[in-house]
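To keep things clear, I will list the structure first and then write my remarks on it.
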Amino acid sequence: MNKRAQIIVITSGKGGVGKTTSSAAISIGLASRGYKTVVIDFDVGLRNLDLLMGCERRVVYDLINVIHNEAKLSQALIKDKRVENLSILAASQTRDKNALSLTGVESILDELRSKFDYIICDSPAGIEHGALMAMYFADQAIITTNPEISSVRDSDRILGILASKTHRAKQELEPIKEHLLVTRYNPLRVQKGEMLSVHDVHDILAIPLLGVIPESQAVLKASNSGIPVILDEPSDASQAYKDTISRFLGETLPHRFITTPKRKLWSRLFSTNIQEITAG
Amino acid sequence: MATAHTPAFKLKAHATILSTFYLLNDDINQLQAQLHTSMQQAPNFFKQTPVVIDLSHLHPKEDQATDLQTLCTVLRQYGMIPIAIQNAGTYSETLKDELEIALLSQPLSSSKVTTHTPSSSTKIAESNNQIITQTVRSGQSIYARHKDLIVLAAVSHGAELLADGHIHVYGTLRGRALAGVSGDKQARIFCHCLEAQLVAIAGIYQLNEQFPSTLKPTCTQIYLTQQEYLTFSNL
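Here it is as structure tokens:
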């Protein structure tokens, strides 16, 4: 019973880059590898994680209820029906982020630490109170970034905050372990110069690359159906998230889905002909 | 009749910037020599300049009265107009009538400035430095006061480096770098890869888009020329 869970914050600074999708995927991935995992939605006031996890109808008590001692932690934790070892702690839709207090968050995390192996904190966008609450006690951080300049800048800002304003930084403990997760990657658009390449993003942020998730129709489909994309087995996004989990657990795997698929000879010839004709 | 109702004058208090003349020793000959060289460089530099004489750097002596008389004459010769005296010690009461200038009981500017002015130039020259080993992220600002700043990692877009001395960056410089922020025009910026948003030396700045087009984004130094132009050169 001497467990001490690792707290992992999934953060980005910018909104809409795939924090919640990644939180859902990573928590399911870790749980299906046999680790007791809990995923907490810190986006108080908006509440997306339970929708993505397909458990919005089962939310009775939420994070804020527990912080205000209106419910016990065991009452608020929702067990996932598909994956063993996985629990979800939803955010409140009727409150705002100011309802989160440092002492409240700390006491919940302390209680969870003895019961789980991994605590995944799904951070809200921005760099304000809510985001700070989600990252404050983290041991590791997964920085979710889209391959575009504003997202990379915001991630850079978040890395600065992780290194200066969190518990580990203030207590001068070992710094938070940082991982880079590039999402919505489209090699074709990178080739056209419309997106930054993984190399560029990695070069600017200068932290270890954990995974590259391709831009995929499967992600949108998954969000709307409440079945996290990692469970959509044949999809490229699912495979990429599984690789990511493996790397997180220490395996060395090559990065997939970062180059354009090789075109067949006849199609290449055909398109060159078209170009020649239009050029002529 | 009209003059009885309209006042002939009115008094108003104004804050006026005055030059303070700090006498650093009582050698009149040395003073004259220094004034002479300054005059040769800029003949009109002292012309019609009201000055406050400050004696805080001198030890009061018996024969100060005659010294001060000579001092005022010398200053007037070079175009200055001595209007007041401050920090003249215990002998000041007897001095003011003879010299026909005002006696300031409180120094116009704080005496702390007087002790800092001569020492600040020596502080910049000290080979002091501050070393940063981790990436400077956007939103972070680092100021090396009276020091050189050495960054061993990259400096992100939106990050800011400030130093009174030189700035060295051994990663890619993408943010802003401002060297010699307290006015040291000898300060330089050195970087391994220049992609900066803005660089400045002693307040003279240039934006990325103004950088010379011939410049390669490799090892670069940036310095000020005599004419106070920012000069970039690949190393």
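Chains C and R, in that order, are what the protein sequence lines are. Start counting at 1 in the first sequence, then tack on 17, and there's your number in the numbering used here. Start counting at 1 in the second sequence, then tack on 16, and there's your number in the numbering used here. The beta carbon of each residue, even a glycine, is placed where N, CA and C say it ideally should be. In this text the structure is predicted, and so the values were computed from the model without any measurement.
Original post:
Residues in the stretch 209 to 224 of chain C with C-beta within 9 Å of chain R's C-beta atoms, listed in sequence order?
Top reply: Asp220, Ile221, Leu222, Ala223, Ile224
Original post:
Over what stretch of residues does the alpha helix (DSSP H) that includes Met55 of chain R continue unbroken?
Top reply: 44 to 57
Subject >> Beta-carbon separation (whole angstroms), Ile160 of chain C vs Ser172 of chain C, contact threshold 8 Å >> reply: 5 Å
Original post:
Taking the alpha carbon of Leu149 of chain C as the point to measure from, which residue in C:Pro164, C:Ser131, C:Lys114, C:Gln208 has its own alpha carbon closest?
Top reply: C:Lys114
**OP:** Just the C-alpha distance for Arg273 of chain C and Ala257 of chain C, rounded to the nearest angstrom, thanks.
**Re:** 7 Å
**OP:** Might you give, ordered along the chain, the residues of its own chain that have their beta carbon closer than 8 Å to the beta carbon of Arg174 of chain C, omitting 5 neighbours on each side?
**Re:** Gly30, Ile144
Subject >> Listed by chain order, chain C residues near Ala160 of chain R by CB distance under 7 Å >> reply: Residues of chain C with a Cβ closer than 7 Å to the Cβ of Ala160 of chain R do not exist; the shortest Cβ-Cβ separation is about 18 Å.
Subject >> Contact with chain R by Asp127 of chain C, beta-carbon distance below 8 Å >> reply: no
**OP:** Would you list, in chain order, the members of the stretch 182 to 205 of chain R that have their beta-carbon closer than 7 Å to a beta-carbon of chain C?
**Re:** none
**OP:** Identify which residue in R:Phe206, R:Gly219, R:Cys207, R:Arg190 has its Cα closest to the Cα of Ser198 of chain R.
**Re:** Restricting attention to R:Phe206, R:Gly219, R:Cys207, R:Arg190, the CA atom closest to the CA of Ser198 of chain R is found in R:Gly219.
Original post:
Would the stretch 95 to 105 of chain C and the stretch 40 to 54 of chain C be scored as touching if the rule is three or more Cβ pairs under 8 Å?
Top reply: yes
**OP:** Find out if the Cβ-Cβ distance for the pair Asn103 of chain R, Ser72 of chain R is shorter than 8 Å.
**Re:** yes
Original post:
Which residue or residues does DSSP assign as beta-bridge partners of Phe206 of chain R?
Top reply: R:His184, R:Gln237
**OP:** Inspect the beta-carbon positions of Ser109 of chain C and Val56 of chain C and report whether they are closer than 8 Å.
**Re:** Against a cut-off of 8 Å, the Cβ pair of Val56 of chain C and Ser109 of chain C comes out as no contact.
**OP:** Throw me the rounded Cβ distance for the Ile33 of chain R and Ile69 of chain R pair, which I believe falls under 8 Å.
**Re:** Going by Cβ atoms, the distance from Ile33 of chain R to Ile69 of chain R rounds to 16 Å, so no, they are not a contact pair.
Original post:
At least one CB of chain C closer than 8 Å to the CB of Gln156 of chain R: is that the case?
Top reply: Using beta-carbon distances, Gln156 of chain R counts as an interface residue toward chain C, with a partner under 8 Å.
Original post:
What does a CB cutoff of less than 6 Å around Arg192 of chain R pick up in its chain, not counting 5 residues either side in sequence?
Top reply: Glu176, Gln213, Leu214
Subject >> Members of the stretch 98 to 114 of chain C that neighbour chain R once the beta carbon cut-off is set at 7 Å >> reply: none
Subject >> Exposed unless 16 or more other CB atoms sit within 10 angstroms - verdict on Asn65 of chain C >> reply: buried
Original post:
For His85 of chain C, which residues does DSSP report across the bridge?
Top reply: Answer by DSSP bridge pairing: none, since His85 of chain C is not bridged.
**OP:** Indicate whether at least one CB of chain R lies closer than 8 Å to the CB of Leu198 of chain C.
**Re:** no
Original post:
To the nearest angstrom, how far is it from the Cα of Leu237 of chain C to the Cα of Gly174 of chain R?
Top reply: 33 Å
**OP:** Quick one: measure Cβ to Cβ for Ala158 of chain C and His196 of chain C, integer angstroms, because I've assumed they're closer than 8 Å.
**Re:** 7 Å
**OP:** Please compile the residues from chain C whose C-beta is within a distance smaller than 9 Å of the C-beta of Ala170 of chain R.
**Re:** Asp220, Ile221, Ala223
**OP:** Check the Cβ-Cβ distances between Leu176 of chain C and every residue of chain R, and say whether any is below 8 Å.
**Re:** At least one chain R Cβ lies under 8 Å of Leu176 of chain C.
Original post:
Nearest to Tyr245 of chain R by CA position, among R:Lys232, R:Phe227, R:Cys235, is which residue?
Top reply: R:Phe227
**OP:** Give the secondary structure of Tyr78 of chain C by DSSP, where H, G and I count as helix, E and B as strand, and everything else as coil.
**Re:** coil
Original post:
Just the Cα atoms here: how many angstroms apart are Lys163 of chain R and Arg153 of chain R?
Top reply: 21 Å
**OP:** List the residues of chain R that Arg170 of chain C touches, going by C-beta distances under 7 Å, in chain order.
**Re:** Ser154, His173, Gly174
**OP:** May I ask you to list the residues that DSSP assigns as paired with Asn250 of chain R?
**Re:** R:Thr236
Original post:
Considering only residues of the same chain and omitting the five flanking positions on each side of Leu80 of chain C, which have a CB-CB separation below 6 Å?
Top reply: Leu106, Ala108
Original post:
In chain order, what residues of the same chain have a beta carbon less than 8 Å from the beta carbon of Ile44 of chain R, not counting five sequence neighbours either side?
Top reply: Asp83, Thr86, Leu87, Val90
Subject >> C-beta atoms of Val229 of chain C and Tyr202 of chain C nearer than 8 Å >> reply: yes
**OP:** Return helix, strand or coil for Glu211 of chain R, following the three-state DSSP convention.
**Re:** Assigned with DSSP and collapsed to three states, Glu211 of chain R falls in coil, not helix or strand.
**OP:** Quick one: list the residues of chain C neighbouring Thr53 of chain R, beta-carbon separation under 9 Å, in chain order.
**Re:** By Cβ distance, chain C contributes nothing, its closest Cβ being about 51 Å from Thr53 of chain R, past 9 Å.
**OP:** Determine the chain C residues that contact Thr247 of chain R at a beta-carbon separation under 8 Å, and present them in chain order.
**Re:** None at all; the shortest Cβ gap to chain C is about 28 Å.
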